[in-house]
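Residue numbers (this note's numbering): 44 to 167.
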């Protein structure tokens, strides 16, 4: 596996508030902004920040859900390898409409590891 980037992912109640905080006070810029998800980045070596909107219809968890996200190359190959090795895959490989492939693994303590690969959308 060739890890090519890292990000810190947070799930929050107030997506706009987090976006405003990171862009106003820490000089992050919006890369992608949707109603449920904001991707923030900087031009230096800082890890990207991914902020997901918590589903307000679901009960609030009492503990934080840590997520570590890694951008990798050839995610389909990595998925096949991890599946064959019996890794604890908790979200099978899927593609988001904006051109990103994702899968998740969860460690024994509940830490989610998200592996992602950007694939440009068709026609882009």
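Note that CB positions come from ideal geometry on N, CA and C, so glycine has one too.
Beyond the five residues adjoining it in sequence on each side, residue 75 comes within less than 8 angstroms, by CB distance, of 81, 82 and 141 in the same chain, given in chain order. Where residue 121 is concerned, the enclosing alpha helix (DSSP H) starts and stops at 118-127. Sixteen is the threshold: since fewer than 16 other Cβ atoms of the shown chains lie within 10 Å of the Cβ of residue 44, the residue is exposed. For residue 68, the number of other beta carbons within 10 angstroms of its own is below 16, and it is reported as exposed.
Secondary structure at residue 66: helix, using DSSP grouped into helix, strand and coil.
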